[in-house]
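This report concerns only the one structure given below.
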């Protein structure tokens with residue numbers, strides 16, 4: 736009987752050690768997951784800080800940021816051009832009132848009923864076209880009402 740008692744005690748101790756090790760590994764995995772969540776939060780906050788800095792210092796940034804801001808602006812220009820190319824391929828334009836896609840040459844927006852500008856009669860001095868979303872904006876607007884980009888990011892004319 737002593738043999739079975741000793742065997743039972745050994746098995747019990749081994750299972751307790753295994754359970755303790757399993758709980759330890761679960762705790763480590765849980766903490767590693769929490770660390771990853773916090774690192775993701777920090778990364779998101781850094782991105783928000785960068786976006787806020789660029790918004791607040793669009794034209795007066797420090798020299799250390801010049802290369803990054805230039806690269807962002809160039810990428811945003813490309814994105815705007817790509818959006819416009821997509822609209823051209825689709826044969827549509829953006830409604831200046833609601834931002835809906837409307838077939839080129841349409842007199843009115845099918846989503847909101849707003850009159851679409853006649854390309855021949857539009858005077859470039861009276862409106863600007865957002866290069867990011869293609870919306871027509873009144874000259875003097877500080878921000879695009881459809882995508883939120885500041886006026887420094889809005890060009891007059893075709894938006895390309």
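Residue numbers (my numbering): 736 to 895.
A virtual CB, placed ideally from N, CA and C, is assigned to each residue, including glycine.
Query, Result
"One or two residues paired with residue 751 in a DSSP bridge", "Answer by DSSP bridge pairing: none, since residue 751 is not bridged."
"Whether residue 830 touches residue 846 by CB criterion (8 Å)", "yes"
"Buried or exposed (CB count within 10 angstroms, at least 16 for buried), residue 857", "In this prediction, residue 857 scores a pLDDT of 48, lower than 50, which makes its location untrustworthy; the coordinate-derived value is nonetheless stated afterwards. When all chains shown are included, residue 857 counts as exposed."
"Limits of the unbroken beta strand (DSSP E) element including residue 793", "Segment: none, residue 793 is in no beta strand (DSSP E) and carries neither H nor E."
"Reduced DSSP category for residue 857 - H, G, I as helix; E, B as strand; rest coil", "Below a pLDDT of 50, predicted positions are generally treated as unreliable, and residue 857, at 48, falls in that range; no measurement from the model is reported."
"Supposed close pair residue 819, residue 869 - CB separation, criterion 8 Å", "6 Å"
"Residue 827 versus residue 864 - alpha carbon distance", "15 Å"
"Backbone CA spacing between residue 848 and residue 813 [nearest angstrom]", "31 Å"
"Bounding residues of the alpha helix (DSSP H) (the contiguous stretch that carries residue 803)", "801–825"
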